[in-house]
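Single-structure report; data block below.
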Amino acid sequence: MCDDNQQSANRVVEQANGSDIVVSALTKSSNTISPPVGLNTVALLEAGSKAMGMSPKNVMNVAEKLYSAGFISYPRTETTRYDPNGFDARAMLRDHCNNPEWGRSASYLLRSRKSGKPPLRGKDAGDHPPITPLKSATRDQVGGGAAWRVYEFVVRNFLGSLHNDLLFTRTTASLALPNSSEADFELELVTVDSLGFADACRWVLRDIGATTSPGHKGNDDFIQEGQRLQITKASIEERKTRPPRFIQEHELIRLMDSNRIGTDASMAVHVSNIVDRGYVMLCDETGQPIRPPGPPGKRKNLPRQIGRYMIPTPLGSSLLGLFDHDATASNVDSPAMLSHPSIRRQMEEEVKEVAMGNIDKDFCLEKNLNWFEDRYAELEGSLTRERIGQFGSNLRSTRDYLRYLQRFDTFEPRVAVPKGQQPKKKARPNYAMKRKGGGQGQKRKGGQGQNQRRNNRAKQNNT
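For the record, in the sequence shown the residue sitting at position 58 is 44 according to the working numbering, with numbers rising by one throughout.
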(Lines of atoms letter the chains of each structure in order from A and count residues from 1; the text may use other names and numbers.)
(Lines give C-alpha, C1' and ligand atoms only; values in the text may rest on other atoms or scores of the structure.)
Protein backbone atom coordinates (compact mmCIF):
# COMPACT_ATOMS: atom_id res chain seq x y z
CA MET A 1 0.00 0.00 0.00
CA CYS A 2 1.43 3.40 -0.98
CA ASP A 3 2.01 6.06 1.70
CA ASP A 4 -0.91 8.30 0.67
CA ASN A 5 -3.40 5.44 0.73
CA GLN A 6 -1.99 4.16 4.01
CA GLN A 7 -2.39 7.56 5.66
CA SER A 8 -5.91 7.96 4.31
CA ALA A 9 -6.89 4.50 5.59
CA ASN A 10 -5.41 5.24 9.01
CA ARG A 11 -7.43 8.47 9.27
CA VAL A 12 -10.66 6.64 8.43
CA VAL A 13 -10.00 3.95 11.04
CA GLU A 14 -9.13 6.51 13.72
CA GLN A 15 -12.29 8.48 13.04
CA ALA A 16 -14.50 5.38 12.80
CA ASN A 17 -13.46 3.81 16.09
CA GLY A 18 -15.91 4.94 18.78
CA SER A 19 -18.03 6.85 16.26
CA ASP A 20 -21.24 6.39 14.29
CA ILE A 21 -21.81 6.21 10.56
CA VAL A 22 -24.68 7.99 8.82
CA VAL A 23 -26.95 6.62 6.09
CA SER A 24 -26.55 9.43 3.58
CA ALA A 25 -28.66 8.00 0.75
CA LEU A 26 -30.86 5.03 -0.14
CA THR A 27 -31.32 3.67 -3.66
CA LYS A 28 -33.92 0.99 -4.37
CA SER A 29 -34.50 -1.11 -7.47
CA SER A 30 -37.15 -3.75 -8.15
CA ASN A 31 -35.89 -6.94 -9.77
CA THR A 32 -37.51 -9.99 -11.35
CA ILE A 33 -36.12 -13.43 -12.11
CA SER A 34 -38.10 -15.71 -14.39
CA PRO A 35 -38.68 -19.35 -13.43
CA PRO A 36 -36.40 -22.01 -14.93
CA VAL A 37 -37.43 -23.71 -18.14
CA GLY A 38 -37.75 -27.47 -18.45
CA LEU A 39 -34.59 -29.33 -17.47
CA ASN A 40 -32.31 -30.59 -20.23
CA THR A 41 -29.04 -32.52 -20.05
CA VAL A 42 -26.73 -29.50 -20.16
CA ALA A 43 -28.53 -27.78 -17.25
CA LEU A 44 -28.42 -31.02 -15.25
CA LEU A 45 -24.67 -31.43 -15.85
CA GLU A 46 -24.02 -27.80 -14.86
CA ALA A 47 -25.99 -28.14 -11.64
CA GLY A 48 -24.31 -31.45 -10.81
CA SER A 49 -20.83 -29.95 -11.13
CA LYS A 50 -21.59 -26.56 -9.54
CA ALA A 51 -23.97 -27.43 -6.70
CA MET A 52 -23.55 -31.17 -6.09
CA GLY A 53 -19.78 -31.48 -6.51
CA MET A 54 -20.14 -34.31 -9.03
CA SER A 55 -18.36 -34.83 -12.34
CA PRO A 56 -20.55 -34.65 -15.47
CA LYS A 57 -19.85 -38.30 -16.18
CA ASN A 58 -20.92 -39.29 -12.66
CA VAL A 59 -24.07 -37.17 -12.95
CA MET A 60 -25.04 -38.97 -16.15
CA ASN A 61 -24.35 -42.38 -14.64
CA VAL A 62 -26.57 -41.57 -11.66
CA ALA A 63 -29.30 -40.06 -13.86
CA GLU A 64 -29.36 -43.14 -16.09
CA LYS A 65 -29.76 -45.39 -13.04
CA LEU A 66 -32.64 -43.22 -11.80
CA TYR A 67 -34.21 -43.50 -15.24
CA SER A 68 -33.83 -47.29 -15.27
CA ALA A 69 -35.41 -47.46 -11.81
CA GLY A 70 -38.40 -45.40 -12.99
CA PHE A 71 -37.76 -42.28 -10.88
CA ILE A 72 -37.08 -39.76 -13.70
CA SER A 73 -37.65 -39.50 -17.43
CA TYR A 74 -34.97 -40.08 -20.07
CA PRO A 75 -31.98 -37.88 -19.06
CA ARG A 76 -30.45 -37.24 -22.49
CA THR A 77 -32.28 -34.38 -24.16
CA GLU A 78 -31.73 -30.88 -25.51
CA THR A 79 -35.40 -29.84 -25.23
CA THR A 80 -36.48 -27.40 -22.52
CA ARG A 81 -40.13 -26.88 -23.54
CA TYR A 82 -42.95 -29.08 -22.30
CA ASP A 83 -45.41 -30.49 -24.81
CA PRO A 84 -48.52 -28.27 -24.48
CA ASN A 85 -50.82 -31.07 -25.62
CA GLY A 86 -49.36 -34.25 -24.12
CA PHE A 87 -48.10 -32.97 -20.75
CA ASP A 88 -50.54 -32.91 -17.82
CA ALA A 89 -48.92 -30.83 -15.09
CA ARG A 90 -51.76 -31.23 -12.57
CA ALA A 91 -51.59 -35.01 -12.72
CA MET A 92 -47.88 -34.94 -11.90
CA LEU A 93 -48.38 -32.42 -9.08
CA ARG A 94 -50.97 -34.63 -7.36
CA ASP A 95 -48.39 -37.38 -7.02
CA HIS A 96 -46.05 -35.05 -5.09
CA CYS A 97 -48.52 -33.35 -2.73
CA ASN A 98 -47.78 -35.75 0.14
CA ASN A 99 -44.01 -35.74 -0.22
CA PRO A 100 -42.40 -34.67 3.09
CA GLU A 101 -39.75 -32.54 1.34
CA TRP A 102 -41.67 -30.52 -1.26
CA GLY A 103 -45.29 -31.52 -0.76
CA ARG A 104 -46.25 -27.99 0.37
CA SER A 105 -44.91 -26.45 -2.86
CA ALA A 106 -46.67 -29.06 -4.99
CA SER A 107 -49.98 -28.50 -3.13
CA TYR A 108 -49.76 -24.72 -3.64
CA LEU A 109 -49.16 -25.16 -7.36
CA LEU A 110 -52.05 -27.60 -7.63
CA ARG A 111 -54.40 -25.08 -5.97
CA SER A 112 -53.18 -22.09 -7.98
CA ARG A 113 -53.00 -23.72 -11.43
CA LYS A 114 -56.44 -23.99 -12.97
CA SER A 115 -55.17 -25.62 -16.15
CA GLY A 116 -53.07 -28.73 -16.56
CA LYS A 117 -51.19 -27.22 -19.50
CA PRO A 118 -47.56 -26.28 -18.79
CA PRO A 119 -46.06 -22.83 -19.48
CA LEU A 120 -44.95 -22.23 -23.06
CA ARG A 121 -41.33 -21.40 -22.28
CA GLY A 122 -38.15 -23.01 -23.52
CA LYS A 123 -37.00 -24.60 -26.77
CA ASP A 124 -38.26 -27.68 -28.58
CA ALA A 125 -35.20 -29.42 -30.08
CA GLY A 126 -37.31 -32.19 -31.56
CA ASP A 127 -35.83 -34.96 -29.42
CA HIS A 128 -36.94 -36.23 -25.99
CA PRO A 129 -39.06 -34.11 -23.60
CA PRO A 130 -37.45 -32.27 -20.67
CA ILE A 131 -36.23 -34.29 -17.69
CA THR A 132 -39.02 -34.64 -15.12
CA PRO A 133 -39.79 -36.88 -12.13
CA LEU A 134 -41.94 -39.89 -12.97
CA LYS A 135 -43.04 -40.55 -9.40
CA SER A 136 -42.74 -39.13 -5.91
CA ALA A 137 -40.12 -40.77 -3.69
CA THR A 138 -38.34 -40.25 -0.38
CA ARG A 139 -34.63 -40.23 0.35
CA ASP A 140 -34.70 -43.85 1.55
CA GLN A 141 -36.59 -45.03 -1.52
CA VAL A 142 -34.11 -43.39 -3.89
CA GLY A 143 -31.11 -44.59 -1.93
CA GLY A 144 -29.65 -41.36 -0.55
CA GLY A 145 -26.23 -39.99 -1.53
CA ALA A 146 -25.63 -38.85 -5.10
CA ALA A 147 -28.85 -40.48 -6.35
CA TRP A 148 -30.93 -38.40 -3.95
CA ARG A 149 -29.14 -35.16 -4.82
CA VAL A 150 -29.79 -35.64 -8.55
CA TYR A 151 -33.40 -36.75 -8.01
CA GLU A 152 -34.16 -33.85 -5.66
CA PHE A 153 -32.77 -31.33 -8.14
CA VAL A 154 -34.89 -32.81 -10.97
CA VAL A 155 -38.05 -32.55 -8.84
CA ARG A 156 -37.38 -29.03 -7.56
CA ASN A 157 -36.49 -27.73 -11.02
CA PHE A 158 -39.74 -29.26 -12.31
CA LEU A 159 -41.80 -27.57 -9.57
CA GLY A 160 -39.97 -24.28 -10.10
CA SER A 161 -40.62 -24.36 -13.85
CA LEU A 162 -44.38 -24.35 -13.16
CA HIS A 163 -44.16 -21.45 -10.71
CA ASN A 164 -44.31 -17.65 -10.91
CA ASP A 165 -41.52 -15.07 -11.10
CA LEU A 166 -39.28 -14.31 -8.13
CA LEU A 167 -39.72 -10.64 -7.11
CA PHE A 168 -37.23 -8.86 -4.87
CA THR A 169 -36.00 -5.38 -4.01
CA ARG A 170 -32.33 -4.46 -3.91
CA THR A 171 -31.52 -1.54 -1.61
CA THR A 172 -28.14 0.20 -1.73
CA ALA A 173 -27.35 2.36 1.29
CA SER A 174 -24.56 4.95 1.04
CA LEU A 175 -22.79 5.34 4.39
CA ALA A 176 -20.57 8.26 5.40
CA LEU A 177 -18.60 9.18 8.48
CA PRO A 178 -19.75 12.52 9.96
CA ASN A 179 -17.52 15.50 9.13
CA SER A 180 -15.31 13.34 6.90
CA SER A 181 -14.12 14.04 3.37
CA GLU A 182 -13.00 10.45 2.80
CA ALA A 183 -14.76 8.03 0.45
CA ASP A 184 -18.23 6.76 1.36
CA PHE A 185 -19.10 3.16 2.04
CA GLU A 186 -21.93 1.06 0.64
CA LEU A 187 -24.23 -1.52 2.17
CA GLU A 188 -26.44 -3.69 -0.04
CA LEU A 189 -29.62 -5.37 1.21
CA VAL A 190 -31.93 -7.71 -0.71
CA THR A 191 -35.55 -8.17 0.35
CA VAL A 192 -37.75 -10.85 -1.21
CA ASP A 193 -41.20 -9.51 -2.13
CA SER A 194 -42.63 -12.69 -3.68
CA LEU A 195 -40.92 -16.07 -3.53
CA GLY A 196 -42.34 -17.44 -6.74
CA PHE A 197 -40.29 -20.35 -8.02
CA ALA A 198 -37.77 -19.88 -5.18
CA ASP A 199 -40.30 -21.63 -2.95
CA ALA A 200 -39.11 -24.86 -4.61
CA CYS A 201 -35.64 -23.73 -5.74
CA ARG A 202 -34.34 -22.27 -2.48
CA TRP A 203 -30.74 -22.03 -3.70
CA VAL A 204 -31.73 -18.97 -5.77
CA LEU A 205 -32.15 -16.95 -2.56
CA ARG A 206 -28.52 -17.59 -1.69
CA ASP A 207 -27.44 -16.61 -5.20
CA ILE A 208 -29.10 -13.18 -4.99
CA GLY A 209 -27.90 -12.62 -1.40
CA ALA A 210 -31.38 -12.35 0.11
CA THR A 211 -31.26 -10.88 3.62
CA THR A 212 -34.95 -10.95 4.57
CA SER A 213 -37.81 -13.31 3.85
CA PRO A 214 -41.23 -12.63 2.26
CA GLY A 215 -43.73 -11.05 4.61
CA HIS A 216 -41.15 -8.65 6.04
CA LYS A 217 -42.34 -5.07 5.90
CA GLY A 218 -39.28 -3.96 3.98
CA ASN A 219 -35.92 -2.35 4.42
CA ASP A 220 -37.47 0.85 5.83
CA ASP A 221 -38.07 -1.00 9.09
CA PHE A 222 -34.42 -1.34 9.92
CA ILE A 223 -32.61 1.27 7.80
CA GLN A 224 -33.65 4.78 6.81
CA GLU A 225 -31.96 7.79 5.25
CA GLY A 226 -30.31 9.94 7.91
CA GLN A 227 -30.15 7.07 10.39
CA ARG A 228 -26.99 6.76 12.49
CA LEU A 229 -25.49 3.28 12.87
CA GLN A 230 -23.03 2.41 15.60
CA ILE A 231 -19.61 1.15 14.46
CA THR A 232 -18.49 -1.76 16.62
CA LYS A 233 -15.06 -2.21 15.06
CA ALA A 234 -12.88 -0.65 12.34
CA SER A 235 -9.64 -2.13 11.03
CA ILE A 236 -7.42 -2.20 7.96
CA GLU A 237 -7.06 -5.36 5.89
CA GLU A 238 -4.38 -5.34 3.22
CA ARG A 239 -4.76 -7.62 0.20
CA LYS A 240 -3.08 -8.15 -3.15
CA THR A 241 -4.62 -8.39 -6.57
CA ARG A 242 -4.90 -11.96 -7.80
CA PRO A 243 -4.70 -13.53 -11.23
CA PRO A 244 -8.04 -14.55 -12.80
CA ARG A 245 -9.49 -17.78 -11.53
CA PHE A 246 -9.28 -20.93 -13.61
CA ILE A 247 -12.41 -22.01 -15.41
CA GLN A 248 -14.76 -24.28 -13.52
CA GLU A 249 -16.23 -27.51 -14.83
CA HIS A 250 -19.79 -26.19 -15.11
CA GLU A 251 -18.52 -23.08 -16.93
CA LEU A 252 -16.78 -25.27 -19.51
CA ILE A 253 -20.02 -27.20 -20.08
CA ARG A 254 -21.88 -23.93 -20.63
CA LEU A 255 -19.23 -22.75 -23.12
CA MET A 256 -19.33 -26.06 -24.96
CA ASP A 257 -23.10 -25.76 -25.28
CA SER A 258 -23.01 -22.14 -26.47
CA ASN A 259 -20.29 -22.99 -29.01
CA ARG A 260 -22.17 -26.14 -30.11
CA ILE A 261 -19.34 -28.49 -29.15
CA GLY A 262 -20.61 -31.92 -28.20
CA THR A 263 -24.15 -33.17 -27.74
CA ASP A 264 -26.23 -34.25 -24.77
CA ALA A 265 -24.86 -37.77 -25.34
CA SER A 266 -21.17 -36.87 -25.66
CA MET A 267 -20.54 -33.70 -23.64
CA ALA A 268 -19.92 -35.46 -20.31
CA VAL A 269 -17.54 -37.89 -22.01
CA HIS A 270 -15.49 -35.06 -23.57
CA VAL A 271 -14.99 -33.42 -20.17
CA SER A 272 -14.11 -36.73 -18.56
CA ASN A 273 -11.59 -37.58 -21.30
CA ILE A 274 -9.42 -34.49 -20.87
CA VAL A 275 -9.26 -35.18 -17.12
CA ASP A 276 -8.56 -38.92 -17.47
CA ARG A 277 -5.83 -38.31 -20.08
CA GLY A 278 -4.05 -35.83 -17.83
CA TYR A 279 -4.56 -32.70 -19.92
CA VAL A 280 -6.24 -30.91 -16.99
CA MET A 281 -6.59 -31.65 -13.28
CA LEU A 282 -9.57 -30.91 -11.08
CA CYS A 283 -8.87 -28.86 -7.95
CA ASP A 284 -10.93 -27.02 -5.37
CA GLU A 285 -10.63 -23.29 -4.68
CA THR A 286 -7.57 -23.85 -2.46
CA GLY A 287 -5.66 -25.72 -5.19
CA GLN A 288 -6.10 -29.16 -3.61
CA PRO A 289 -6.89 -32.01 -6.05
CA ILE A 290 -10.51 -33.12 -5.90
CA ARG A 291 -10.87 -36.25 -3.82
CA PRO A 292 -12.52 -39.21 -5.56
CA PRO A 293 -16.04 -40.01 -4.33
CA GLY A 294 -16.16 -42.33 -1.33
CA PRO A 295 -18.78 -44.15 0.72
CA PRO A 296 -21.21 -41.91 2.66
CA GLY A 297 -20.10 -41.10 6.19
CA LYS A 298 -16.44 -42.02 5.67
CA ARG A 299 -15.17 -38.43 5.33
CA LYS A 300 -16.94 -36.54 8.09
CA ASN A 301 -13.72 -35.04 9.44
CA LEU A 302 -12.31 -33.94 6.08
CA PRO A 303 -12.88 -30.30 5.04
CA ARG A 304 -15.51 -29.71 2.38
CA GLN A 305 -14.05 -28.99 -1.05
CA ILE A 306 -15.56 -25.96 -2.79
CA GLY A 307 -15.48 -25.56 -6.55
CA ARG A 308 -14.29 -27.83 -9.36
CA TYR A 309 -11.59 -25.80 -11.13
CA MET A 310 -9.94 -27.18 -14.25
CA ILE A 311 -6.19 -26.53 -14.09
CA PRO A 312 -4.29 -27.14 -17.37
CA THR A 313 -1.42 -29.53 -16.68
CA PRO A 314 2.07 -29.13 -18.15
CA LEU A 315 1.19 -32.04 -20.45
CA GLY A 316 -1.96 -30.32 -21.73
CA SER A 317 -0.26 -26.95 -22.21
CA SER A 318 2.75 -28.51 -23.93
CA LEU A 319 0.50 -30.49 -26.25
CA LEU A 320 -1.23 -27.30 -27.39
CA GLY A 321 2.21 -25.78 -27.99
CA LEU A 322 3.11 -28.79 -30.10
CA PHE A 323 0.05 -28.08 -32.26
CA ASP A 324 1.05 -24.37 -32.53
CA HIS A 325 -2.35 -23.64 -31.01
CA ASP A 326 -3.69 -20.18 -31.78
CA ALA A 327 -7.11 -19.14 -30.46
CA THR A 328 -7.46 -16.66 -33.35
CA ALA A 329 -6.40 -19.11 -36.07
CA SER A 330 -8.57 -18.90 -39.18
CA ASN A 331 -6.63 -20.79 -41.86
CA VAL A 332 -8.59 -24.03 -42.08
CA ASP A 333 -5.62 -25.85 -43.68
CA SER A 334 -3.25 -25.17 -40.79
CA PRO A 335 -2.22 -27.90 -38.29
CA ALA A 336 -3.05 -25.35 -35.56
CA MET A 337 -6.72 -26.02 -36.31
CA LEU A 338 -6.39 -29.56 -34.91
CA SER A 339 -6.85 -28.11 -31.43
CA HIS A 340 -9.34 -25.42 -32.41
CA PRO A 341 -12.95 -25.80 -31.18
CA SER A 342 -14.38 -24.58 -34.47
CA ILE A 343 -13.43 -27.88 -36.15
CA ARG A 344 -15.49 -29.90 -33.69
CA ARG A 345 -18.40 -27.47 -34.10
CA GLN A 346 -18.20 -27.79 -37.86
CA MET A 347 -18.33 -31.59 -37.69
CA GLU A 348 -21.34 -31.46 -35.33
CA GLU A 349 -23.16 -29.20 -37.78
CA GLU A 350 -22.33 -31.46 -40.71
CA VAL A 351 -23.65 -34.50 -38.83
CA LYS A 352 -26.96 -32.66 -38.35
CA GLU A 353 -27.03 -31.86 -42.05
CA VAL A 354 -26.49 -35.55 -42.81
CA ALA A 355 -29.38 -36.46 -40.48
CA MET A 356 -31.62 -33.98 -42.31
CA GLY A 357 -30.61 -35.40 -45.68
CA ASN A 358 -28.91 -32.23 -46.91
CA ILE A 359 -25.39 -33.76 -47.16
CA ASP A 360 -24.36 -37.21 -48.35
CA LYS A 361 -22.95 -39.30 -45.48
CA ASP A 362 -20.10 -40.91 -47.46
CA PHE A 363 -19.02 -37.57 -48.92
CA CYS A 364 -18.97 -35.96 -45.44
CA LEU A 365 -17.03 -38.86 -43.92
CA GLU A 366 -14.40 -38.93 -46.69
CA LYS A 367 -13.95 -35.15 -46.59
CA ASN A 368 -13.31 -35.06 -42.84
CA LEU A 369 -10.99 -38.09 -42.88
CA ASN A 370 -8.93 -36.56 -45.66
CA TRP A 371 -8.72 -33.23 -43.81
CA PHE A 372 -7.47 -34.84 -40.58
CA GLU A 373 -5.00 -37.05 -42.45
CA ASP A 374 -3.50 -34.04 -44.25
CA ARG A 375 -3.24 -31.97 -41.07
CA TYR A 376 -1.57 -34.76 -39.10
CA ALA A 377 0.88 -35.37 -41.95
CA GLU A 378 1.80 -31.67 -41.89
CA LEU A 379 2.14 -31.77 -38.10
CA GLU A 380 4.41 -34.82 -38.24
CA GLY A 381 6.62 -33.12 -40.83
CA SER A 382 7.02 -30.07 -38.57
CA LEU A 383 8.11 -32.04 -35.49
CA THR A 384 11.84 -31.45 -35.45
CA ARG A 385 14.13 -32.92 -32.79
CA GLU A 386 14.35 -29.48 -31.21
CA ARG A 387 10.57 -29.13 -30.90
CA ILE A 388 10.18 -32.60 -29.42
CA GLY A 389 12.97 -31.87 -26.93
CA GLN A 390 11.27 -28.63 -25.94
CA PHE A 391 8.01 -30.54 -25.43
CA GLY A 392 9.73 -32.97 -23.07
CA SER A 393 11.58 -30.27 -21.12
CA ASN A 394 8.28 -28.50 -20.32
CA LEU A 395 6.81 -31.54 -18.57
CA ARG A 396 6.77 -31.71 -14.78
CA SER A 397 4.73 -33.44 -12.10
CA THR A 398 1.30 -32.00 -11.38
CA ARG A 399 2.15 -31.68 -7.68
CA ASP A 400 5.18 -29.50 -8.45
CA TYR A 401 3.09 -27.45 -10.89
CA LEU A 402 0.43 -26.79 -8.24
CA ARG A 403 3.09 -25.63 -5.79
CA TYR A 404 4.43 -23.32 -8.51
CA LEU A 405 0.96 -21.79 -9.05
CA GLN A 406 0.39 -21.32 -5.32
CA ARG A 407 3.39 -18.97 -5.16
CA PHE A 408 1.39 -16.45 -7.21
CA ASP A 409 -1.68 -16.49 -4.91
CA THR A 410 -3.66 -18.24 -7.62
CA PHE A 411 -5.87 -20.06 -5.11
CA GLU A 412 -7.74 -19.23 -1.94
CA PRO A 413 -5.77 -19.70 1.29
CA ARG A 414 -6.35 -22.99 3.06
CA VAL A 415 -8.23 -22.86 6.36
CA ALA A 416 -6.59 -24.84 9.15
CA VAL A 417 -8.71 -27.69 10.49
CA PRO A 418 -9.23 -27.50 14.29
CA LYS A 419 -7.40 -30.20 16.23
CA GLY A 420 -10.59 -31.81 17.46
CA GLN A 421 -11.90 -32.18 13.89
CA GLN A 422 -8.77 -33.58 12.26
CA PRO A 423 -9.17 -37.11 10.82
CA LYS A 424 -7.77 -39.79 13.08
CA LYS A 425 -4.91 -41.85 11.75
CA LYS A 426 -5.56 -45.56 11.71
CA ALA A 427 -3.20 -47.68 13.79
CA ARG A 428 -1.10 -50.02 11.70
CA PRO A 429 -1.76 -53.68 12.44
CA ASN A 430 1.08 -55.59 14.14
CA TYR A 431 1.81 -58.71 12.15
CA ALA A 432 4.63 -59.92 14.46
CA MET A 433 3.94 -63.30 16.08
CA LYS A 434 4.22 -63.50 19.87
CA ARG A 435 6.19 -66.22 21.60
CA LYS A 436 4.30 -68.72 23.64
CA GLY A 437 5.99 -67.42 26.75
CA GLY A 438 4.55 -63.93 26.20
CA GLY A 439 7.83 -62.42 24.94
CA GLN A 440 8.36 -59.96 22.11
CA GLY A 441 7.53 -60.69 18.50
CA GLN A 442 9.76 -63.05 16.58
CA LYS A 443 10.33 -63.86 12.93
CA ARG A 444 8.01 -66.22 11.16
CA LYS A 445 9.04 -69.84 11.01
CA GLY A 446 8.83 -69.91 7.25
CA GLY A 447 11.40 -67.14 6.83
CA GLN A 448 13.75 -68.64 9.42
CA GLY A 449 13.56 -72.06 7.76
CA GLN A 450 14.35 -70.63 4.34
CA ASN A 451 17.52 -68.96 5.65
CA GLN A 452 18.63 -72.20 7.32
CA ARG A 453 18.10 -74.25 4.15
CA ARG A 454 19.96 -71.62 2.10
CA ASN A 455 22.97 -71.84 4.46
CA ASN A 456 22.97 -75.66 4.33
CA ARG A 457 23.00 -75.68 0.52
CA ALA A 458 25.91 -73.21 0.52
CA LYS A 459 27.94 -75.50 2.85
CA GLN A 460 27.25 -78.53 0.63
CA ASN A 461 28.42 -76.67 -2.49
CA ASN A 462 31.65 -75.59 -0.77
CA THR A 463 32.45 -79.19 0.23
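All C-beta atoms, glycine included, are put in the ideal place defined by N, C-alpha and C.
A distance below 7 Å between beta-carbons, with the five flanking residues on each side excluded, links Arg400 to the following residues of its chain, in chain order: Thr272. Using a 10 angstroms sphere on the CB of Lys226, the tally of other CB atoms stays under 16, which defines it as exposed. Exposed is the label assigned to Leu241, since fewer than 16 other Cβ atoms lie within 10 Å of its Cβ. Annotation: Glu359 to Ser41 spans about 33 Å, alpha carbon to alpha carbon. Bounds of any beta strand (DSSP E) do not take in Glu50; it lies within the alpha helix (DSSP H) bounded by Pro42 to Ser54. When the five nearest sequence neighbours on each side are left out, the beta carbons in the same chain lying within less than 7 Å of the beta carbon of Trp88 are those of His82, Val141, Arg142, Leu145 and Ala186, in order along the chain. Burial state of Ile7 is buried, judged by a 10 Å Cβ sphere holding 16 or more other Cβ atoms. Thr155 is a Cβ neighbour of Asp179, given a cutoff of 8 Å. Scanning its chain for C-beta atoms nearer than 7 Å, with the 5 sequence neighbours on each side dropped, one finds around Glu364 the residues Pro321, in chain order.
Beta bridge pairing from DSSP links Cys269 with Pro275 and Tyr295. Here the region 329 to 339 makes no contact with the region 297 to 307; the two share fewer than three CB pairs at distances below 8 Å. CA-CA distance, Leu351 to Asn344, rounds to 14 Å. Between Ala75 and Arg99, the CB-CB gap stays under 8 Å. Rounded to whole angstroms, the gap between the alpha carbons of Arg125 and Pro298 is 37 Å. Here DSSP, grouped into helix, strand and coil, assigns Glu174 to strand. Judged by beta-carbon spacing, Pro229 lies within the 8 Å limit of Phe394, meaning their Cβ atoms are closer than that value. A residue is called buried once 16 or more other Cβ atoms fall within 10 Å of its Cβ, and Phe349, having fewer, is exposed. Taking the Cα positions, Ile194 is about 7 Å away from Val176.
Look at the region -2 to 30 and you find these whole runs of beta strand (DSSP E), each 3 residues long or longer: 6 to 19. Of Thr314, Gly264, Cys269 and Leu288, the smallest CA-CA separation from Glu398 is found for Cys269.
Judged by DSSP in its simplified three-state form, Ser180 adopts strand. The count of Cβ pairs closer than 8 Å, one atom from the region 33 to 50 and one from the region 116 to 133, reaches three, so the stretches are in contact.
In terms of CA proximity to Tyr295, Arg277 leads the group Phe309, Asp312 and Arg277. Under the three-state reduction of DSSP output, Ala196 falls in the coil class, being neither helix nor strand. Under the three-state reduction of DSSP, Ile117 is assigned to strand. Residue state for Phe154 is assigned as strand, using DSSP reduced to three classes.
Under the three-state reduction of DSSP, Leu161 is assigned to strand.
Your pair Ser160 and Ala11 checks out as a contact, with CB atoms roughly 4 Å apart and the cut at 8 Å. For the region 293 to 359, the full-length alpha helix (DSSP H) segments reaching 4 residues or more read 300 to 308 and 327 to 341 along the chain. By the beta-carbon neighbour count (other beta carbons within 10 angstroms, threshold 16), Leu106 is exposed. Measuring C-alpha to C-alpha distances from Ile260 to each of Glu235, Ser244 and Tyr387 identifies Glu235 as the nearest. When secondary structure is reduced to three states using DSSP, Gln234 falls in the strand class. Under a 10 Å Cβ-count criterion, Leu381 is classified as exposed, with fewer than 16 other Cβ atoms of the shown protein chains found around its own Cβ. The beta carbon of Leu308 is closer than 6 Å to those of Phe377 in its chain, skipping five residues each way along the sequence. Counting only the Cα atoms, Ser383 lies some 34 Å from Asn317. Counting every other CB atom within 10 Å of its CB across the protein chains shown gives Met342 a total below 16, marking it as exposed.
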